[in-house]
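Student: Take 3 as the starting number for the sequence shown in the numbering used here and just add one per residue.
For every residue, glycine included, the Cβ atom is placed at its ideal position computed from N, Cα and C.
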Amino acid sequence: MKALMALMAVMAVGMYLVAFPTGSAFAEEKIGVIVVDVQGDFTQWKKGSLAVPGTDKAFVDKVQKATDDLNKAGFVLFATQDWHPGNHVSFFTNHPGKKPFEMLAIEGRNQILWPPHCVQGTENAKVLVDNNPFLAIVKKGQDTKYDSYSGFQDDGGQKTEMDKILKRNKINKVVVYGIATDYCVKATAIDAKNAGYNVVVIEGLSKGVAPDTTQKALDEMKSKGITVLEEVDVEKIKGS
Ligand code: VGL
Ligand code: ZN
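The following block contains the structure:
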């Protein structure tokens with residue numbers, strides 16, 4: 003009798019395993035979206051100080067519509083926001099004699115010197131996509147001493163709350179797009195991949211500072227196992 007009950011228990015567990023296979027196509031998948039740095043200073047539309055080519059109003063409208071579509075598809079929305087103090091290390095104006103886009107070696111890191119941009123509390127630091135549907139807008143680059151292209155951590159290794167918020171919400175795949183493909187989109191996508199998320203980058207919703215670095219960024223992301231899609235396609239995102 004005991005043996006029979008034990009056998010029945012084993013069979014019950016077996017049936018459960020058949021009904022709910024894990025690690026298969028039926029495993030729970032929860033998808034997040036990270037809209038990277040779609041802020042006035044990075045756009046031509048708002049005559050930004052660091053306007054990236056191809057960022058007219060039509061581009062921002064396209065990002066807005068795609069983001070709305072992903073929201074309707076049930077994906078959880080997040081954004082990043084470059085948010086620098088006025089005395090930030092990445093601003094060429096804080097290094098006498100230096101010009102914009104010059105490289106400066108700082109404590110062994112190569113820092114590109116940018117025009118002042120996304121200064122905390124300024125109009126052009128605002129995220130241009132409707133803020134309301136975002137579960138969180140993660141600020142980055144607030145430490146005067148470190149730049150932070152990635153939405154996950156700065157160049158000093160200080161983590162943002164991004165990974166914690168994604169984990170708290172059981173997200174295991176992220177869709178990443180925005181500005182700039184060759185800097186913050188790339189760094190955010192690669193850090194997401196390294197943190198164990200499945201990652202899909204939408205090329206058509208991203209714009210780069212320069213063509214050569216943008217192509218290199220796309221190649222590097224693909225080589226690391228990140229899926230790059232031309233445009234938003236909910237079924238393809240789910241299947242990737
Ligand atoms: C970015 C340069 C400086 C970006 C941010 O959002 O890609 N690029 N700060
Ligand atoms: Zn910045």
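Note down the Cα distance separating A212 from D184, rounded to an integer number of angstroms.
Tutor: Their backbone Cα atoms lie some 8 Å apart in a straight line.
Student: With distances taken Cα to Cα, identify the nearest neighbour of L207 among A182, T146, A189.
Tutor: Per the Cα distances, A182.
Student: Determine the closest residue to P102 out of R111, H119, E109, with distance taken between C-alpha atoms.
Tutor: The residue with the shortest Cα to Cα distance from P102 is H119.
Student: Cα-Cα, which of T216, K238, G210 is closest to Q46?
Tutor: It is G210 whose Cα lies nearest to the Cα of Q46.
Student: Using 8 Å as the threshold, is the C-beta distance between F136 and A81 below it?
Tutor: Result yes, Cβ atoms of F136 and A81 sit closer than 8 Å.
Student: On the DSSP bridge list, what partners appear for K161?
Tutor: K161 pairs with Q155.
Student: Considering just the uninterrupted stretch of the beta strand (DSSP E) at F80, what are its terminal residues?
Tutor: First-last of the beta strand (DSSP E) with F80: 78-84.
Student: Quick one: grab the DSSP three-state call for N112.
Tutor: Three-state result, N112: strand.
Student: Is it true that the CB of V35 sits closer than 8 Å to the CB of F61?
Tutor: Cβ atoms of F61 and V35: not closer than 8 Å.
Student: Apply the 10 Å Cβ neighbour rule to T162 and answer buried if 16 or more other Cβ atoms are within range, or exposed otherwise.
Tutor: T162 comes out buried.
Student: Going by alpha carbons, who is nearest to A75 out of K32, V187, W85?
Tutor: Of the candidates K32, V187, W85, the one whose C-alpha sits nearest the C-alpha of A75 is K32.
Student: Please identify the residue among V230, E125, N133 whose C-alpha is closest to the C-alpha of V176.
Tutor: Cα-wise, what sits closest to V176 is V230.
Student: Run the CB neighbour count on G180, radius 10 Å, all protein chains shown included, and call it buried at 16 or more, exposed below.
Tutor: Per the 10 Å Cβ criterion, buried.
Student: Once DSSP output is grouped into helix, strand and coil, what is the label at K226?
Tutor: K226: coil per DSSP, three-state reduction.
Student: Check A138 in the structure and name its three-state DSSP category.
Tutor: It is a strand residue.
Student: T24: buried (16+ other C-beta within 10 angstroms of its C-beta) or exposed?
Tutor: With a pLDDT of only 48 at T24, under the threshold of 50, the placement of this residue in the model should not be trusted; the figure read from the coordinates follows. Its Cβ having fewer than 16 others within 10 Å, T24 is exposed.
Student: Considering only heavy atoms of the ligand ZN and the C-beta of each residue, which residues fall inside 7 Å, strictly closer?
Tutor: Qualifying residues, in the order they occur: D84, H86, S92, W116, H119, C120, G143, D149.
Student: Cutting at 8 Å between CB atoms, please list the residues of its own chain near C186, excluding the five before and the five after it.
Tutor: Same-chain partners within the cutoff: V38, D39, T82, D84, Y151, S152, G153, G180.
Student: Ignore the nearest five residues each way along the sequence and tell me which others in A197's own chain have a CB closer than 7 Å to its CB.
Tutor: These residues qualify, in order along the chain: F154, D165.
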